[in-house]
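First the structure, in the form of structure tokens, and then the observations on it.
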Amino acid sequence: MSRPLDVLFLSSEVDPFAKTGGLADVSSALPQAIKELGHEIRIMMPRYRFISERRYKLHDIIRLKEIPIPVGKQTELANVKSSFISNLKEKVQVYFLDNANYFGRDGIYQSPVGRKDYKDNDERFIFFCRGVLETLKRLGWQPDIIHCNDWQTGLVPAYLKTLYSSDPFLKPIKTVFTIHNMAYQGDFAPDAFPKSGLPKSLFHVDGVEAYGKFNFLKTGLQFADAITTVSRRYAEEISTSDEYGSGLTGLLAKRKKDLHGILNGIDYHVWNPVTDDLIYRKYDAKSLDAKADNKRSLVGRFKLPYKEGAPVIGAISRLVEQKGFDLVLEIMDELLKMNVQFVLLGDGDKGTEKQFDAFQKKYPKQIGVFFGFDKELAHLIEAGSDIFIMPSRYEPCGLNQMYSMRYGTIPVVRATGGLDDTVEDYSGNGKGTGFKFEKFDAKELLKAIQRALKVFHQPEEWKKLMRNGMTKDFSWEHSAKQYVNLYKELLKQ
Ligand code: ADP
11 MSRPLDVLFL SSEVDPFAKT GGLADVSSAL PQAIKELGHE IRIMMPRYRF
61 ISERRYKLHD IIRLKEIPIP VGKQTELANV KSSFISNLKE KVQVYFLDNA
111 NYFGRDGIYQ SPVGRKDYKD NDERFIFFCR GVLETLKRLG WQPDIIHCND
161 WQTGLVPAYL KTLYSSDPFL KPIKTVFTIH NMAYQGDFAP DAFPKSGLPK
211 SLFHVDGVEA YGKFNFLKTG LQFADAITTV SRRYAEEIST SDEYGSGLTG
261 LLAKRKKDLH GILNGIDYHV WNPVTDDLIY RKYDAKSLDA KADNKRSLVG
311 RFKLPYKEGA PVIGAISRLV EQKGFDLVLE IMDELLKMNV QFVLLGDGDK
361 GTEKQFDAFQ KKYPKQIGVF FGFDKELAHL IEAGSDIFIM PSRYEPCGLN
411 QMYSMRYGTI PVVRATGGLD DTVEDYSGNG KGTGFKFEKF DAKELLKAIQ
461 RALKVFHQPE EWKKLMRNGM TKDFSWEHSA KQYVNLYKEL LKQ
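Count the sequence shown with my numbering and you get residues 11 to 503, in order.
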């Protein structure tokens, strides 16, 4: 099929409108890359209150309270606003499904104060999934493909195959479901199920139920025409090992022929040291000296002294169990004996923050910490650090290791998921892009950092590694083509 395709891309977070992690980066960059290939692709996401009407020039597409959407016994009313993202030549249209009751809040999934998940997340995303389909009918725009992302969009494939299966407008649409993280499943008490309006017969283990709960991720995996995840290694891990499959390994193994690993890319319009306005000095592989100025600026931001010859180890992460920062805490004393500095930008678990805070007080000249979400600082850490660590328990793809390589900052990572697929372990003679360790173990992390430090002190060898990473092609174009091929395959069926 050579005609341009029409694709609707669904996500609960899209940069720059709403972001908690990598999903937002992907949901912004991938649609733009697909559009660049000549296809029509539009995005739909909830309209959270903090998405500024003025800043993003939101305009009404379907006016206030025009679309009735059943949620359980109630009918909720939706309207639709629109804006664009346009880092590239082509603009991508973004539709915002609006309902003040569900999305007129300060957080995406949880209240910023107290950090508790909203109690009605089931209803909020039932509303979203059903609202998407009702909106399409009103718009009269019929995509060939609906590309769903993560549990928040998991009910869409099920609706299409059940409640809307005889709707002539929606019936021809095929669905792709992308898993960005198996650990977040959107599972709710069974009394959430009737609110979805899905047929009662689906609530069993071969349907939408997992371990007694109504599981949105499982629903997506059962009903989507194709499933993808964000690296080959993670696709393998989740379909073969209970440790990674978070209780759904069996289902994924069953659907193995429909499960594809397509690696995420980097949005070079956002993450590129040559054009990055958020860093202190721009640079490329030929002007590595300018990177040193970013290092000075970075340590200054953390109020640390600049120490000639001492490597700065950086980290930017959600502080959650997945990311493995317990290993870093375990080796901290040992690590800091080695004349290094460590800077951390983290957001999440308060207990972890406290422990890092205590270390910062113990080593005020060597450790800098900032807790919170700060995009600008994230860019400066990528540019100013020498080494970047990601000791993840599991990592579906991981973006920061790719950003690091692009910024000439050498990643030290656990060999799992996308980290394993993207980082090439140093093998001597200027070969490799980083340092990997296999076993999830603090001593292994320490050994990998020690290996990195040894090479750091051989400047010419180190520069080769930096250049290897900086010149690697992680652009989205390659991945976008793989998604388009998959869409086309589905449309042949
Ligand atoms: P995940 O999606 O699991 O959080 P990724 O590595 O795929 O991990 O993506 C993380 C994204 O979120 C990157 O763009 C990273 O820079 C950003 N990020 C994570 N934590 C913070 C933070 N505290 N402040 C700013 N950006 C952050």
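Here a beta-carbon is modelled for each residue, glycine too, at the ideal position from N, C-alpha and C.
Just so we're clear, the structure is a prediction, and the values are computed from it rather than from any experiment.
Annotation: the stretch 106-191 contains the following complete segments of the beta strand (DSSP E) (minimum length 3 residues), in chain order: 155-159 and 184-189. Given a length threshold of 3 residues, each whole run of the beta strand (DSSP E) inside the stretch 316-376 is given here in chain order: 322-329 and 351-358. With respect to N304, R291 sits close: the two C-beta atoms are nearer than 8 Å. Here G271 carries a strand assignment [DSSP, helix/strand/coil]. Three or more Cβ pairs drawn from the stretch 462-480 and the stretch 407-420 lie within less than 8 Å of each other, which places the two stretches in contact. In this structure, DSSP gives S21 a state outside helix and strand, which the three-state scheme calls coil. Contact between the stretch 68-83 and the stretch 38-49 is not established, with fewer than three Cβ pairs separated by less than 8 Å.
Per the coordinates, the alpha-carbon of I289 lies some 15 Å from the alpha-carbon of F312. For F366, the shortest separation between its Cβ and any heavy atom of ligand 1 does not lie below 7 Å. Taken from the Cβ of S327, at least one heavy atom of ligand 1 lies inside 7 Å. With respect to the C-alpha of P80, the residue from V104, E46, S121 and F135 having the closest C-alpha is F135. As the crow flies, the alpha-carbon of Y493 is around 45 Å from that of E344.
Burial check for S175: the Cβ neighbour count within 10 Å stays below 16, so the residue is exposed. When secondary structure is reduced to three states using DSSP, G257 falls in the coil class, being assigned neither helix nor strand. For D357, the shortest separation between its Cβ and any heavy atom of ligand 1 lies below 7 Å. In terms of CA proximity to Y169, A234 leads the group F106, F466 and A234. Counting the other Cβ atoms within 10 Å of the Cβ of N439 gives fewer than 16, which makes it exposed. The Cβ atoms of F179 and F198 lie no closer than 8 Å to each other. Per DSSP, the continuous alpha helix (DSSP H) segment holding L308 begins and ends at D299 to R311. Closer than 7 Å to some heavy atom of ligand 1: that describes the Cβ of L409. Three or more Cβ pairs closer than 8 Å define a contact, and the stretch 205-224 falls short of that threshold against the stretch 264-272.
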